[in-house]
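Below is one structure, written out as structure tokens, with a few remarks after it.
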Amino acid sequence: MQRLMAAAKVPGLALAVIDHGQVVSRRAYGYADVAAARPLRTDSIMYGASLTKAAFAYMVMQLVDERVLTLDAPLPTLLEKPLPDYPAFADLRDDPRWRLLTPRMLLSHTSGLLNWRFINENRKLDFKYPPGSRYVYSGEGMQILQIVVEERTGVPLETLMRQRVFERFGMRDTSMVWRDDFAGREVVQYGGDGAVIAHKRRSRARAAGSMDTTLDDYASFMAGVLRGDGLSAAARAEMLSPQMVIVSPQQFPSHWPGETDAYRGIGLSAGLGWPVYESPLGPAFFKEGNDDGTNNFALGFLRPQSGVVMLSNSSNADRMFMPAVEYLFGRTCLPWFWMGYIPYDRPELRAPGMRAHPVLSPGCD
50 MQRLMAAAKV PGLALAVIDH GQVVSRRAYG YADVAAARPL RTDSIMYGAS LTKAAFAYMV
110 MQLVDERVLT LDAPLPTLLE KPLPDYPAFA DLRDDPRWRL LTPRMLLSHT SGLLNWRFIN
170 ENRKLDFKYP PGSRYVYSGE GMQILQIVVE ERTGVPLETL MRQRVFERFG MRDTSMVWRD
230 DFAGREVVQY GGDGAVIAHK RRSRARAAGS MDTTLDDYAS FMAGVLRGDG LSAAARAEML
290 SPQMVIVSPQ QFPSHWPGET DAYRGIGLSA GLGWPVYESP LGPAFFKEGN DDGTNNFALG
350 FLRPQSGVVM LSNSSNADRM FMPAVEYLFG RTCLPWFWMG YIPYDRPELR APGMRAHPVL
410 SPGCD
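Given below as structure tokens:
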């Protein structure tokens, strides 16, 4: 791991390995703060970014289990008022397709909404594809589902996540908003060029990505997912079952036109909160969490109940995730190009406009 970190220029990485549903190894490498020579620890506070979405999906499936929420109910039957009447979604007022949206579409990123409205030149939210027709990664969709969940339960998201997920898995140092007791334990984040990026102290819970966590905590959550704790067998199976085949050449941006069958051999598909695929080790699921100064990754294999969690304080860590996974598990057929996890020794694949998928590995395509 230290060799890979040096090659990819990653200052700090925390890594946990899960086997047969139990966390069997927790290690922290490098620094939480390079200038202060403060070592990274497995209980250092790190930004989870979009790993939040996976934890949120787990909580939503609990509500489905309890029949508080129905996956295929259309939005008008779930909200207290029309979606465009919420100021954040007023852009959709003239597009009736919002009425077709369901929790299943929002959780599986098949709503047709792009990731974030600021990607558009006019910075307005719109549908890129008809609802339910194609995988398009969408943080906006998760924010819509947050409204649904809070209204149906009458409980703020921050409280729901703490009571239903964090307390269940003993995640004492995980929160949807900044906590004062995190001060002094948070990591310094680093951009691709090594520039310092301050750890944001988020004050508003966001289903799409506001969670601070630690390696110890998120590894406990991932082990619980692999064991199926807190969900019925049917709910967990639904969450990790293919909902729609993914045809986008890359995940970011997945709303661009064009399709590929490069991932047909591994059955890459949208699950509920997680992408899923068929690996040489059997059914697998994963989630990334990326932002400026943060690259995180969680991968699970259902049948051996094994997996890995990697949290970093660097924008460069995605360059070492694929070789790290292969070192730990051998050939996994992980769709690394689709994820944007271009290995440090393949810089030519980072060229602007690169859309053609390279060969995954023998037997994976």
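Anchor point for the sequence shown: position 127 equals 176 in our numbering, and the numbering is continuous, going up by one each time.
We put the beta carbon where it would ideally sit given N, CA and C, even for glycine.
For a quick check, are the C-beta atoms of residue i and residue j less than 7 Å apart?
i, j, result
"residue 319", "residue 135", "no"
"residue 236", "residue 55", "no"
"residue 299", "residue 385", "no"
"residue 264", "residue 360", "yes"
"residue 367", "residue 390", "yes"
"residue 217", "residue 279", "yes"
"residue 365", "residue 61", "no"
"residue 214", "residue 104", "yes"
"residue 247", "residue 70", "no"
"residue 153", "residue 121", "yes"
"residue 96", "residue 343", "yes"
"residue 417", "residue 159", "Here the chain covers residues 50 to 414 and nothing more, so residue 417 does not appear."
"residue 328", "residue 67", "no"
"residue 254", "residue 220", "no"
"residue 423", "residue 252", "This structure cannot settle anything about residue 423, because the visible part of the chain is limited to 50 through 414."
"residue 315", "residue 382", "yes"
"residue 127", "residue 197", "yes"
"residue 369", "residue 137", "no"
"residue 110", "residue 209", "no"
Quick test of your reading: residue i and residue j, contact by CB under 8 Å. State the CB separation rounded to the nearest angstrom.
i, j, result
"residue 322", "residue 156", "5 Å"
"residue 72", "residue 284", "Actually they are not in contact, since the Cβ atoms of residue 72 and residue 284 sit about 23 Å apart, beyond 8 Å."
"residue 124", "residue 147", "6 Å"
"residue 173", "residue 140", "5 Å"
"residue 331", "residue 352", "4 Å"
"residue 165", "residue 199", "Contact doesn't hold; Cβ gap of about 20 Å is too wide."
"residue 348", "residue 374", "6 Å"
"residue 75", "residue 65", "5 Å"
"residue 98", "residue 191", "Not quite, the Cβ-Cβ distance comes to about 12 Å (not below 8 Å), so this is no contact."
"residue 334", "residue 289", "5 Å"
"residue 222", "residue 266", "6 Å"
For residue i, which of helix, strand or coil comes out of DSSP?
i, result
"residue 50", "coil"
"residue 152", "helix"
"residue 372", "helix"
"residue 185", "coil"
"residue 324", "strand"
"residue 176", "strand"
"residue 204", "coil"
"residue 330", "coil"
"residue 55", "helix"
"residue 377", "helix"
"residue 209", "helix"
"residue 317", "coil"
"residue 296", "coil"
"residue 391", "coil"
"residue 308", "coil"
"residue 383", "coil"
"residue 190", "helix"
"residue 301", "coil"
"residue 353", "coil"
"residue 170", "coil"
In the DSSP assignment, what residue or residues form a beta bridge with residue i?
i, result
"residue 347", "336, 358"
"residue 157", "For residue 157, which the question treats as bridged, DSSP gives no partner whatsoever."
"residue 400", "DSSP, once it has assigned bridges, lists no residue as partnering residue 400."
"residue 162", "176"
"residue 214", "DSSP output for residue 214 lists no bridge partner at all."
"residue 363", "239"
Would you say residue i faces chain D, with C-beta separation under 7 Å as the test?
i, result
"residue 247", "Absent from the structure: chain D. Only one protein chain is present."
Report yes if the C-beta of residue i is less than 6 Å from at least one heavy atom of the ligand HEM; otherwise report no.
i, result
"residue 212", "In terms of ligand content, the structure shown is empty, and the ligand HEM therefore cannot be addressed."
| said: List, from N- to C-terminal side, the alpha helix (DSSP H) runs of 4 residues or more that fit wholly inside the region 220–290. | reply: Segments of the alpha helix (DSSP H) lying fully in the region 220–290: 264–276, 282–288.
| task | Could you pull out every unbroken beta strand (DSSP E) segment of at least 3 residues lying fully inside the region 61–141, listed in chain order? | result | Here the runs fully enclosed are 61–68, 71–82.
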